[in-house]
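Since the structure comes first, as structure tokens, the remarks are kept for the end.
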Amino acid sequence: MTKIYLPRETTALSLHVEEVILAIRKEATKHDLELQIIRNGSRGAAWLEPLLEIEYEGKRIAYGPIRAADINSLFKADFLHAGEHELKLGAIDDIPWFKQQQRLTFKRSGNTEALSIDDYRKFNGFAGLEKALKSDKQEIIQTVLDSGLRGRGGAAFPTGIKWQTVADADADCKYIVCNADEGDSGTFSDRLLMEGDPYCLIEGMLIAGIAVGAELGFIYLRSEYPLTKLILEEALIKAREAGYLGNKIQGSDYNFDIRLHIGAGAYICGEETSLLESLEGKRGQVRFKPPLPALEGLYGKPTVVNNVITFASVPLILSKGADYYANFGQGKSLGTMPFQLSGNIKHGGLVELPFGLTLRELIEDFGGGTYSGKPIGAVQVGGPLGAYFSGDQLDTSLDYESFSAAGGMLGHGGIVVFDETVDLLKQARFAMEFCAIESCGKCTPCRIGSVRGVEVIDQILDAQDPSDTGHHYELLEDLCATLEDASLCAMGGLTPMPVRSAVKLHQLSTSTVNYREEADQ
Amino acid sequence: MLDIAHNVPKNHFEDWQLELAAKLLKDFDSEEHNLLDVLHFFQGTFGYIDKELIPLLAKFFNLSRAEVHGVISFYHDFRDEKPAAYVLKICQAESCQAMGSNKLTTELKAALNIDFHETSTATDITLEPVYCLGNCSCSPNLMINSQMFSRVTSESLTQILQGLTEEQHD
Chain V
1 MTKIYLPRET TALSLHVEEV ILAIRKEATK HDLELQIIRN GSRGAAWLEP
51 LLEIEYEGKR IAYGPIRAAD INSLFKADFL HAGEHELKLG AIDDIPWFKQ
101 QQRLTFKRSG NTEALSIDDY RKFNGFAGLE KALKSDKQEI IQTVLDSGLR
151 GRGGAAFPTG IKWQTVADAD ADCKYIVCNA DEGDSGTFSD RLLMEGDPYC
201 LIEGMLIAGI AVGAELGFIY LRSEYPLTKL ILEEALIKAR EAGYLGNKIQ
251 GSDYNFDIRL HIGAGAYICG EETSLLESLE GKRGQVRFKP PLPALEGLYG
301 KPTVVNNVIT FASVPLILSK GADYYANFGQ GKSLGTMPFQ LSGNIKHGGL
351 VELPFGLTLR ELIEDFGGGT YSGKPIGAVQ VGGPLGAYFS GDQLDTSLDY
401 ESFSAAGGML GHGGIVVFDE TVDLLKQARF AMEFCAIESC GKCTPCRIGS
451 VRGVEVIDQI LDAQDPSDTG HHYELLEDLC ATLEDASLCA MGGLTPMPVR
501 SAVKLHQLST STVNYREEAD Q
Chain G
522 MLDIAHNVPK NHFEDWQLEL AAKLLKDFDS EEHNLLDVLH FFQGTFGYID
572 KELIPLLAKF FNLSRAEVHG VISFYHDFRD EKPAAYVLKI CQAESCQAMG
622 SNKLTTELKA ALNIDFHETS TATDITLEPV YCLGNCSCSP NLMINSQMFS
672 RVTSESLTQI LQGLTEEQHD
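As given, the protein sequences belong to chains V and G, one line each in that order.
Be aware that the first sequence starts at 1, since it is given in our numbering, and climbs by one per residue.
Be aware that the second sequence starts at 522, since it is given in our numbering, and climbs by one per residue.
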């Protein structure tokens, strides 16, 4: 019986994969063929979705992107025996877009049936847990420390130090919290991981629980991910049934369970203290720090708060060792990063590579340039609080330090490409507007400053005489400085990053235009 | 081509009944569930959070009514009115902007003749903004109830809307 793989994943669903499956079943019945359709996760090549794979002579042969209307011709081309067809991409491992990546965290996603624990085990799943169960707690934390893993949510804080702080805290009860409130525009790696390899997240949280002495974990998932919710719910049930959650994990003395909670559409709840408030069922308002959540987190107890990708990186670090992981990357940015290409991009999706390649390599070699075919106007890296870069600044190396030096941040690895039609002043306005809409309201600079920021930029946009806007720019800069220095959290503190960078690029481009006009005269 | 628009299940909500709400609340455990879980459940059941629910929840969670109201009003998801059969959320964030979501939004508002947070009774659609649906590599995106549509163009938007309105006449 031929095995057909088709993702059960949001992007594939948005591109009508369910219709494709209906069409395949219909055609198979007509030809009296027995097929097994396996629902894997996405391999992250959104531009090839729905990506269909068949198992043929021990290889996975890919076809894509598939529409329901292609099914008839695919059967005619005998795709079940790897027949030739214009949508045939060849053996999955030979496709350059995949071959040129170095996948550690996303090694399994797409290869396995996402919800099959057997499949998960077959692909090295729970090997990290086995190691953790045999290790001393301190050994686990030391391995995470030695791997150099830093928080993948955006702040890039060393994971091992956070775990050590929680482990050393004296308390009757500790918690593990997974931040799955992936609100940054241009990011979707958490979603892909949870939909494509949910047990990897569960395993990572479980290892964290063992290491710091916590028996309860929480996943805080954003409400915009309804499919992810269904998949996680199923995965948690199956993990419990298989003895990977609950009392006496795999016959050991450890107990650990995970509860899934759903957010309610507030961007700020991706900020860890706001997330904790929200998990407690309160308004998602930011807390003062200190105390750190590692010491006084959920319900005042020591809490590890990590992003999905951070937890999902841990099983491999445990099973293959700290050195294996730390050999990827450069400087203080060790390991790999699942970069996410989106916006106006031809070949968008998730590309996992060690830190250190340039933005240009990622956008041109993997992304294939803009979707519209027009030149790049700007690239925003690191979500709505990240900086805008011009098409001339693409040689920045993708690692935490280089981006910080270039006045930006890598954040959660989201890269949004705009073509030359972008109006950067409007993007600066949007950054302020977004801050005004999503501010939790606790501190004045963020709550009021963002509103004033929108007003000032509107005055610049409405100005009859562009040369008479100097005082508005001065005021805008003053607001940015206040937001940066006096906000309670990164929402207000980082909003100036996209604003300033977009304004700077806007001013540069207009001065170039003026210069050209003068030269033409 | 876009038959899938016909497959978007309509929202079906119970009419608000205080007695039913009180009965349903008994299935929750204030230790295990938080206020957001319960609010999500009731919004899923009745389509919105009725004012009468506030004292009930306050008592259940041992909070003041002001605290419960504060939570409801903080989050974008919770509404105080029953929405239409279709809730259409169109992404306003950067990645979708880069692919023309601003123009698409203007067209959508014009086609439905409503602004954000309003309901078009003729089409039975409530329109909402959303800031990222996490499907950014296939921007621009919109979501109708729980069904995502990606790479939306002016043409496909018209087809999607047609699909929804035709469904109502079926």
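Every residue, glycine too, gets a C-beta built ideally from N, C-alpha and C.
6 Å Cβ shell around residue i - same chain, five flanking residues per side excluded
i	result
S333/V	F355, D399, Y400
V17/V	L6, P50
R60/V	E53, I92
Top-ranked residue by Cα proximity to residue i, from the options
i	options	result
I219/V	A502/V, L206/V, I37/V, W47/V	L206/V
I309/V	H506/V, D478/V, A155/V, E130/V	A155/V
E9/V	K30/V, E34/V, R108/V, E195/V	E195/V
H506/V	A378/V, I61/V, I448/V	A378/V
P661/G	S342/V, A428/V, D462/V	S342/V
E57/V	K162/V, R103/V, E19/V, H81/V	H81/V
G217/V	M1/V, D184/V, Y299/V, E271/V	Y299/V
A167/V	V503/V, K137/V, S147/V, R191/V	K137/V
P423/V	P315/V, Y199/V, K504/V	Contrary to the premise, residue 423/V reads as Asp rather than Pro in this sequence. Answer by Cα proximity: K504/V.
K3/V	K26/V, V20/V, E55/V	E55/V
T159/V	P198/V, G204/V, L357/V	G204/V
P65/V	H347/V, V454/V, E271/V, D94/V	H347/V
L192/V	F106/V, P226/V, L115/V, F157/V	F106/V
E477/V	G449/V, T370/V, F389/V	G449/V
Assigned secondary structure, residue i (DSSP; H/G/I helix, E/B strand, else coil)
i	result
D462/V	helix
E55/V	strand
R60/V	strand
R600/G	coil
I525/G	Reliability of the predicted coordinates at I525/G is poor, the pLDDT of 48 falling under 50, and no value is obtained from them.
V417/V	strand
T2/V	strand
D691/G	Low per-residue confidence applies at D691/G: pLDDT is 48, beneath 50, and the placement is therefore not dependable, though the value from the model is reported in the following sentence. Reduced to three states, the DSSP call for D691/G is coil.
N307/V	strand
D184/V	coil
A378/V	strand
V456/V	helix
Q613/G	coil
N72/V	helix
K174/V	coil
M620/G	coil
P496/V	helix
H590/G	helix
L508/V	helix
I570/G	coil
S658/G	helix
Contacting residues, own chain, Cβ-Cβ under 8 Å from residue i (five flanking each side not counted)
i	result
P375/V	G391, D419, E420
L245/V	I202, L206, L236, A239, F256, D257, I258
L221/V	A180, D181, M194, T228, K229, L232, L260, H261, I262, G263
Close beta carbons around residue i, own chain, < 7 Å, minus the five adjacent residues each side
i	result
A23/V	A68, I71
Q340/V	G186, T187, F188, S189, L350, G413, G414, I415
G407/V	A387, S501
P496/V	C480, L483, E484
R43/V	L51, F98, S109, G110
N327/V	none
S319/V	N124, A127, G128, K131
Heavy atom of the ligand SAM within 7 Å of residue i beta-carbon
i	result
R283/V	Judged by which ligands are present, the structure shown has none, so any question about the ligand SAM falls away.
Across the segment 131-146 of chain V and the segment 230-245 of chain V, are there enough close Cβ pairs to call them in contact, namely three or more that are closer than 8 Å? Remark: fewer than three beta-carbon pairs, one from each stretch, lie closer than 8 Å, so the segment 131-146 of chain V and the segment 230-245 of chain V are not flagged as touching.
Residues of the segment 325-350 of chain V whose Cβ lies closer than 9 Å to any Cβ of chain G, in chain order: Of all residues in the segment 325-350 of chain V, Q340, L341, S342, G343, N344, I345, H347, G348, G349, L350 have a Cβ within less than 9 Å of some Cβ in chain G.
Counting Cβ pairs closer than 8 Å, one from the segment 399-414 of chain V and one from the segment 379-387 of chain V, do we hit at least three? As far as the Cβ criterion goes, the segment 399-414 of chain V touches the segment 379-387 of chain V, which means the pair count is three or higher.
Touch check for the segment 301-317 of chain V and the segment 160-178 of chain V: three-plus C-beta pairs under 8 Å? Result yes; three or more Cβ-Cβ pairs closer than 8 Å.
For the segment 607-627 of chain G against the segment 648-656 of chain G, are there 3 or more C-beta pairs whose distance is under 8 Å? With a cut-off of 8 Å, the segment 648-656 of chain G and the segment 607-627 of chain G count as touching, because enough Cβ pairs lie within range.
Hey, is the segment 575-591 of chain G in contact with the segment 621-633 of chain G, meaning 3+ C-beta pairs nearer than 8 Å? Taking a cut-off of 8 Å on C-beta distances, the segment 575-591 of chain G does not touch the segment 621-633 of chain G, as fewer than three cross pairs fall below it.
Residues of the segment 595-617 of chain G whose Cβ lies closer than 7 Å to any Cβ of chain V, in chain order: Of all residues in the segment 595-617 of chain G, F595, Y596, H597, D598, F599, A614, E615, S616 have a Cβ within less than 7 Å of some Cβ in chain V.
Could you check whether the segment 533-541 of chain G touches the segment 468-475 of chain V, counting it as contact only if at least three pairs of C-beta atoms, one from each stretch, sit closer than 8 Å? No contact exists between the segment 533-541 of chain G and the segment 468-475 of chain V.
So, does the segment 121-129 of chain V touch the segment 149-159 of chain V, judging by three or more C-beta pairs under 8 Å? Taking a contact to require three or more Cβ pairs closer than 8 Å, the segment 121-129 of chain V and the segment 149-159 of chain V do not qualify as touching.
Closer than 7 Å between beta carbons: that is the criterion. Which residues of the segment 255-271 of chain V meet it against chain G? Shown in chain order are the members of the segment 255-271 of chain V whose Cβ falls below 7 Å from a Cβ of chain G: H261, I262, A264, G265, A266, Y267.
Please identify, using Cβ separations under 9 Å, the residues of the segment 276-295 of chain V that lie next to chain G, in order along the chain. So the list reads S278, L279, E280, G281, K282, R283, G284, Q285, given in the order they occur along the chain.
For the segment 261-274 of chain V against the segment 74-87 of chain V, are there 3 or more C-beta pairs whose distance is under 8 Å? By the C-beta criterion, the segment 261-274 of chain V is judged not to be in contact with the segment 74-87 of chain V, since fewer than 3 inter-stretch pairs fall below 8 Å.
Looking at chain V, which residues of the segment 543-559 of chain G have a Cβ within less than 7 Å of any of its Cβ atoms? Listed by position, the residues of the segment 543-559 of chain G near chain V (Cβ gap below 7 Å) are N555, L556, L557, D558.
Between the segment 383-413 of chain V and chain G, which residues of the former have a C-beta closer than 9 Å to a C-beta of the latter? Taken in chain order, the members of the segment 383-413 of chain V whose beta-carbon sits within less than 9 Å of a beta-carbon on chain G are G383, P384.
Would the segment 428-436 of chain V count as touching the segment 626-634 of chain G if we require 3 or more Cβ pairs under 8 Å? The count of Cβ pairs closer than 8 Å, one atom from the segment 428-436 of chain V and one from the segment 626-634 of chain G, stays below three, leaving the stretches out of contact.
Using a Cβ-Cβ cut-off of less than 8 Å, list which residues of the segment 631-653 of chain G approach chain V; keep chain order. Under the 8 Å Cβ criterion, the segment 631-653 of chain G contributes V651, Y652, C653.
Check whether the segment 551-565 of chain G touches the segment 274-285 of chain V, taking contact to mean three or more Cβ pairs, one atom from each stretch, closer than 8 Å. With the rule of 3 Cβ pairs closer than 8 Å, the segment 551-565 of chain G counts as touching the segment 274-285 of chain V.
Taking 8 Å as the threshold, find out whether the segment 84-101 of chain V comes into contact with the segment 21-40 of chain V through three or more Cβ pairs. At 8 Å Cβ cutoff, the stretches do not touch.
Closer than 9 Å, Cβ to any Cβ of chain G: which residues of the segment 102-122 of chain V, in chain order? Here the close residues number zero.
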